[in-house]
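Everything below concerns the one structure shown next.
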Amino acid sequence: MMSKDIEKFQSLIKWANLEPWKKELAEFVIKAELDGKHIECKYQNLTFTPRALARQLCKGHFIWGIVNWVVINPIKKPDYSDSQD
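Going by numbering that gives the first Met the number 0, the first residue of the sequence shown is number 0, and it counts up by one from there.
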């Protein structure tokens, strides 16, 4: 991993050093970022960019084990610029 990529996730890496399962989750999030993917919860309608999920984890939100998450292709937002409303 390049040092520039690591810099983006310093808070997550610090958070993850507390427990092994958090480290596994942090590595999962960083790999998704490097692969250009998004992360989706298997059991709830929640999808995050890796950076957004990293911020949430560091704030104490969505602290679920890695088994609750799956990597997906990025979701494209619909383009409504041509709509005739």
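Note that beta-carbon positions come from the ideal geometry of N, C-alpha and C, so glycine has one too.
Contact between G64 and L24 holds: their C-beta atoms lie close to 7 Å from each other, under 8 Å. Only exposed fits V66, as fewer than 16 other CB atoms lie within 10 angstroms of its CB. Counting every other CB atom within 10 Å of its CB across the protein chains shown gives E18 a total below 16, marking it as exposed. Residue burial annotation: L11 is buried, with at least 16 other C-beta atoms found within 10 angstroms of its C-beta.
Rounded to whole angstroms, the separation of the alpha carbons of C40 and P73 is 14 Å.
Annotated as distal: F8 and W68, with beta-carbon spacing of 8 Å or more.
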